[in-house]
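> Before I ask anything, here is the structure I am working with.
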Amino acid sequence: MKVIETINLTKYYGKFRGIENVNLSVDEGEIFGFIGPNGAGKSTTIRLLLNFLYPTFGTAEIFGKDCFKESPEIKKLIGYIPGEVNYYEDVKVKDLLEYSITFYEGDKEKYRRKMFELSKRFDLDLNRRISDLSLGNRKKVAVVQSLIHEPRLLIYDEPTNGLDPLIQKELFDLICEENKKGVTVFFSSHVLSEVQKLCTKVAIIREGKIMTIENVEDLRKRQYKIVKIEGDVGEITLSGIKNLKTRGNTTSFLFSGDINELILFLSRKKIDNLSIEEPTLEEIFMDYYSKEEEHNEHIQMGI
Numbered sequence: 017m018k019v020i021e022t023i024n025l026t027k028y029y030g031k032f033r034g035i036e037n038v039n040l041s042v043d044e045g046e047i048f049g050f051i052g053p054n055g056a057g058k059s060t061t062i063r064l065l066l067n068f069l070y071p072t073f074g075t076a077e078i079f080g081k082d083c084f085k086e087s088p089e090i091k092k093l094i095g096y097i098p099g100e101v102n103y104y105e106d107v108k109v110k111d112l113l114e115y116s117i118t119f120y121e122g123d124k125e126k127y128r129r130k131m132f133e134l135s136k137r138f139d140l141d142l143n144r145r146i147s148d149l150s151l152g153n154r155k156k157v158a159v160v161q162s163l164i165h166e167p168r169l170l171i172y173d174e175p176t177n178g179l180d181p182l183i184q185k186e187l188f189d190l191i192c193e194e195n196k197k198g199v200t201v202f203f204s205s206h207v208l209s210e211v212q213k214l215c216t217k218v219a220i221i222r223e224g225k226i227m228t229i230e231n232v233e234d235l236r237k238r239q240y241k242i243v244k245i246e247g248d249v250g251e252i253t254l255s256g257i258k259n260l261k262t263r264g265n266t267t268s269f270l271f272s273g274d275i276n277e278l279i280l281f282l283s284r285k286k287i288d289n290l291s292i293e294e295p296t297l298e299e300i301f302m303d304y305y306s307k308e309e310e311h312n313e314h315i316q317m318g319i
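The sequence shown begins at 17 in our numbering and counts up by one.
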């Protein structure tokens, strides 16, 4: 079942680009990563899915329901954490969460037990006022609020902002636990290590456009290697080399060419040490960006 599906989803703010022709398909049970730098269009996409914005054109569905015509029904099934958390300042945490429970059908006492359970897990003081909370503790409130009604889909927009490393780990553990129960997760981030730890599939967005959608493991393994060589190798003329760096007698680069050609080339050199490893998602991500920049330069030059 498709939990999220968009077709040519586009949003302009007057003459300014928000997102253009975004096509996403998220299957039930996936932890789907949505990555890109700040300003790439991640939050705009999420706000469109939640009907906080109306598209210039294109369509979006969640659980087969139209995001713009059936939004109230959709929101009952979703847990959401925004990139920036804002609440009424003079409200106690407990009162805010109790009020949130009233919006959902179902067993209210069960939701209340979930509230206490999650608050204890995240060391959240329910009797404090929102105005007294740090950014990290406000984000904890958002985490608890997103889960108390046992949603089928979590949409998290930069959820770790303001959380210390231990609480981040707790959040990741919780996301994995919910996913094992069948909950689908749409996880937006510009921190690539987070996506690499959690997600099964990832979409890379830049300047409002989807650059690629791939399985995380396939993206890491397919054709990409990090090569580090100690020794005198001279000039390297192989194709498929990016980010070539030389320090002293150590040469390193991201390699996406024919591995047999690399081995043949190295067999003719005097090498003291060699390592060939899988790259991080961040290194692959930067390679995609450099390809896009190169393509744009060629267009501008008329090549």
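Just so it is clear, CB atoms sit at the ideal spot from N, CA and C, and this is done for glycine as well.
Nothing here was measured: the structure is a model prediction, and the numbers come from that model.
Please state the DSSP three-state secondary structure of L282.
For the purposes of this step, residue 282 is identified with residue 266 of the sequence shown, where counting begins at 1. Here L282 sits in helix by DSSP.
> Please confirm if the segment 101–109 is in contact with the segment 180–199, defined as three or more CB-CB distances below 8 Å between the two stretches.
Short answer: they don't touch.
> Have a look at S162, R33, E44 and L113 and flag the residue whose alpha-carbon is nearest the alpha-carbon of I146.
Numbered from 1 along the sequence shown, position 130 holds the residue referred to as residue 146. Considering only alpha carbons, the answer is L113.
> Quick one: Cα of I221 to Cα of F68, how far?
In the sequence shown, counting from the first residue as 1, residue 221 sits at position 205. In the sequence shown, counting from the first residue as 1, residue 68 sits at position 52. Between I221 and F68, the C-alpha separation is close to 20 Å.
> For the putative contact between H206 and N54, defined by C-beta atoms under 8 Å, what is the C-beta separation to the nearest angstrom?
Here residue 206 refers to the residue found at position 190 when the sequence shown is read from its first residue. Here residue 54 refers to the residue found at position 38 when the sequence shown is read from its first residue. Sure, about 6 Å apart at Cβ, within 8 Å.
> Among E46, F79, R63 and G152, whose alpha-carbon lies nearest the alpha-carbon of G34?
Here residue 34 refers to the residue found at position 18 when the sequence shown is read from its first residue. The shortest C-alpha separation from G34 is found at R63.
> Just to confirm my understanding: we take E125, look at its own chain, exclude 5 residues before and 5 after, and list those with CB closer than 7 Å. What are they?
Mapped onto the sequence shown, residue 125 falls at position 109. There are no such residues.
> Out of T72, D82, S59 and V199, which has the shortest C-alpha to C-alpha gap to P98?
On the sequence shown, residue 98 is found 82 positions in, with the first residue counted as 1. Taking only the C-alpha atoms, the option nearest P98 is S59.
> Considering only C-alpha positions, which residue in the set T262, L254, V101 and F269 is nearest to L280?
Here residue 280 refers to the residue found at position 264 when the sequence shown is read from its first residue. L280 has its Cα closest to that of L254, out of T262, L254, V101 and F269.
> Straight-line CA distance for T200 to E121?
For the purposes of this step, residue 200 is taken as the residue at position 184 of the sequence shown. For the purposes of this step, residue 121 is taken as the residue at position 105 of the sequence shown. Rounded to whole angstroms, T200 to E121 spans 20 Å at the Cα level.
> Just confirm the distance between the C-beta atoms of S204 and E174, as a whole number of angstroms; I'd bet it's less than 8 Å.
Numbered from 1 along the sequence shown, position 188 holds the residue referred to as residue 204. Numbered from 1 along the sequence shown, position 158 holds the residue referred to as residue 174. Going by Cβ atoms, the distance from S204 to E174 rounds to 6 Å, so yes, they are a contact pair.
> Roughly how many angstroms lie between the CA atoms of L25 and I78, to the nearest whole one?
The count along the sequence shown starts at 1 and reaches residue 25 at position 9. The count along the sequence shown starts at 1 and reaches residue 78 at position 62. Rounded to the nearest angstrom, the two C-alpha atoms are 13 Å apart.
> Are the CB atoms of I51 and L208 nearer to each other than 8 Å?
Position 35 of the sequence shown, counted from the first residue, corresponds to residue 51. Position 192 of the sequence shown, counted from the first residue, corresponds to residue 208. Yes; because the gap between Cβ atoms is below 8 Å, this pair is in contact.
> Out of I47, M17 and Y70, which one is the CA nearest neighbour of G30?
Reading the sequence shown from its first residue, position 14 is the one you call residue 30. It is Y70 whose Cα lies nearest to the Cα of G30.
> Given a cut-off of 8 Å, decide if P167 and G80 are closer than it, judged by their beta-carbon atoms.
As a working mapping, residue 80 is identified with position 64 in the sequence shown. As a working mapping, residue 167 is identified with position 151 in the sequence shown. No, Cβ-Cβ distance for G80 and P167 is not below 8 Å.
> If you draw a straight line from the C-alpha of G45 to the C-alpha of K196, how long is it?
To locate residue 45, count along the sequence shown from 1; it is residue 29. To locate residue 196, count along the sequence shown from 1; it is residue 180. Rounded to the nearest angstrom, the two C-alpha atoms are 8 Å apart.
> Using 10 angstroms around the beta-carbon of M10, count the other beta-carbons present and answer buried if the total reaches 16, otherwise exposed.
The requested residue 10 is not part of the displayed model; the chain covers only 17 to 319.
> Grouping DSSP H, G and I as helix and E and B as strand, with all else coil, what is F132?
For the purposes of this step, residue 132 is taken as residue 116 along the sequence shown, with counting starting at 1. Three-state result, F132: helix.
> L254 by DSSP, collapsed to three states: which one?
Against the sequence shown, residue 254 aligns to sequence position 238. L254 falls in the coil class under three-state DSSP.
> Please classify E21: does DSSP put it in a helix, a strand, or coil?
Indexing the sequence shown from 1 puts residue 21 at position 5. Looking at E21 - three-state DSSP - the assignment turns out to be strand.
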